[in-house]
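A short write-up of the structure that comes next.
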Amino acid sequence: MTYVIVHALAPIFVIMLLGFMAGKTKMVDNKNVSLLNIFVMDFALPAALFSATVQTPWVGIVKQSPLILILVLAMWVTYAAIYFLAVGVFKKSPQDAAVLTLTVALPNYAALGLPILGSVLGEGPSTSLSVAVSIACGSVLLTPLCLLILEREKARQSGENTRSTMAMLPVLMWRSVKKPIVWGPLLGVILSAIGIHMPELLLSSIKPLGLSATAAALFLTGVILSARKLKINSMVIISSITKLLIQPAIAFVIVLALGLHGEVAITGVLMIALSAGFFGVVFGNRFGVQSPDAEAVLLISSVLCILSLPLFISLTSGL
């Protein structure tokens with residue numbers, strides 16, 4: 001099992017290392033990555049997420065409702081706890097806290113979901129469907145929370161937000177929904193729900209763009225990290241422990257509370273037990289927000305999940 005985990009993590013580190021080296025050697029300007037960020041956030045990732053959700057049968061999504069409940073509850077509880085801890089205790093700015101909490105709360109479904117789940121449950125249509133549903137949950141039901149906060153603070157800094165957050169909520173929601181990273185997967189879910197099938201020619205046309213998404217995002221993350229210094233502090237330690245141990249434990253408790261067993265229960269816990277995803281760091285960069293804590297958690301969790309994942313694989317073996 002350790003070999004499987006290392007094998008799944010290897011591409012992540014290799015591609016991030018290439019990005020890191022490109023930034024350090026100035027092959028890529030690591031101080032100005034706006035063009036690469038636009039490609040990742042407005043084209044590659046939206047295309048990948050749209051393709052994943054629009055090709056996921058609505059009947060299959062409905063059958064995965066227990067999995068969706070596990071994932072959403074575990075992500076929302078973690079997001080709320082880390083955000084208020086970062087803002088209330090460690091006095092982080094709302095932008096920094098939003099990027100950090102998205103990094104902690106949203107597992108790396110895109111890069112690690114299929115290799116890890118496939119090694120435990122076996123590769124097949126049901127495994128692919130579970131991973132697609134997990135990606136859709138994170139994209140549609142969690143990332144907008146981060147975008148709302150980033151848009152709110154952007155409006156405040158520009159002097160637009162003179163009203164309360166609740167009064168500004170419709171405007172902030174509209175700004176978030178307008179972004180391809182949100183409406184891409186959301187449109188896919190809607191089309192799947194109403195039974196509209198995309199022409200094969202269209203899906204084939206955007207497939208290369210979607211295939212480049214994870215690699216481009218990891219490369220961009222490496223470039224961003226090359227301009228920073230790794231800093232370990234109390235917030236980073238707490239966030240890393242939360243990502244690796246507490247959040248999967250929350251998912252495990254939810255599974256027990258709901259009395260779930262079998263494949264759905266195992267999938268719910270293992271998807272949450274994956275290392276932190278790169279969305280938070282990439283989102284923050286798009287808004288000009290640098291979060292050294294989020295970057296540190298991303299690296300630490302990616303390394304230490306080699307130890308934490310076998311623990312939760314063992315725990316779920318009896319479900």
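With full-length UniProt numbering applied, the sequence shown has no gaps in its numbers, which climb one by one up to 319 at the end.
Don't be surprised by glycine CBs; every beta carbon is placed ideally from N, CA and C.
Nearest in C-alpha terms to GLY318, of all of ALA81, GLY19 and VAL120, is VAL120.
Shown here, PRO115 sits in a helix according to DSSP, grouped into three states. The C-beta separation of LEU260 from PRO66 comes to about 6 Å, placing the pair in contact by the 8 Å criterion.
Under the 10 Å beta carbon count, GLY138 is surrounded by 16 or more other beta carbons and is classified as buried.
Secondary structure within the region 70-126: the alpha helix (DSSP H) runs of 4 or more consecutive residues, fully enclosed, are 94-105 and 109-121 (chain order). For the 9 Å CB-CB criterion, LEU142 and VAL72 form a contact. The beta carbon of PHE279 sits closer than 7 Å to the beta carbons of LEU102, LEU106 and THR143 from its chain, once the five residues preceding and following it are set aside; these are given in chain order. In terms of CA proximity to ALA132, SER192 leads the group TYR83, SER192 and ARG286.
Taking all protein chains in view, the Cβ of GLU123 is surrounded by fewer than 16 other Cβ atoms within 10 Å, so the residue is classified as exposed. Three or more Cβ pairs closer than 8 Å define a contact, and the region 249-265 falls short of that threshold against the region 216-227.
The criterion of a C-beta distance shorter than 9 Å is satisfied by SER301 and ALA276. Rounded to the nearest angstrom, the gap between the Cα atoms of LEU203 and THR127 is 21 Å.
Annotated three-state conformation of ALA227 is coil, per DSSP. Taking a cut-off of 8 Å for Cβ pairs, the region 238-245 and the region 37-53 do not touch, as fewer than three such pairs fall below it.
Under the three-state reduction of DSSP output, ALA276 falls in the strand class.
By the neighbour-count criterion, in which a residue is buried when 16 or more other Cβ atoms sit within 10 angstroms of its Cβ, LYS207 is exposed. DSSP, read as helix, strand or coil, puts ASP29 in coil.
Spatial neighbours of MET198 in its own chain (CB-CB distance under 8 Å, excluding positions within 5 residues in sequence) are listed in chain order as VAL54, GLN55 and LEU191. Annotation: ALA52 to ALA273 spans about 21 Å, alpha carbon to alpha carbon.
With contacts defined by Cβ atoms closer than 9 Å, LEU150 and TYR79 do not form a contacting pair. With respect to the 9 Å criterion, ALA110 and ALA216 are not classified as neighbours on the basis of their beta carbons. Cβ neighbours of PRO180 within its own chain (closer than 7 Å, five residues either side excluded): ASP42 and PRO46. DSSP, read as helix, strand or coil, puts LEU141 in helix. The residues ALA227, in chain order, have a CB closer than 7 Å to that of LYS31 in the same chain once the five nearest residues on each side in sequence are set aside. Sequence-distant Cβ neighbours of ASN285 in its own chain, meaning closer than 7 Å and more than five residues away, are VAL33, ASN37 and ILE224.
LEU203: member of the alpha helix (DSSP H) spanning 200-211, first to last residue.
Leaving aside the five residues that flank ALA97 on each side, the residues in its chain whose CB is nearer than 6 Å to its CB run, in chain order, TYR83, ALA86 and VAL87. In this structure, the straight-line span from the alpha carbon of ALA251 to that of ALA265 is close to 9 Å. In the displayed model, HIS261 falls within coil according to three-state DSSP, outside both helix and strand.
Of the residues GLY222, VAL303, GLY288 and VAL281, the one whose Cα lies closest to the Cα of THR25 is GLY222.
Residue environment analysis places GLY288 among the exposed positions, since fewer than 16 neighbouring C-beta atoms fall within 10 angstroms of its C-beta.
Taken through DSSP and simplified to helix, strand or coil, GLN157 comes out as helix.
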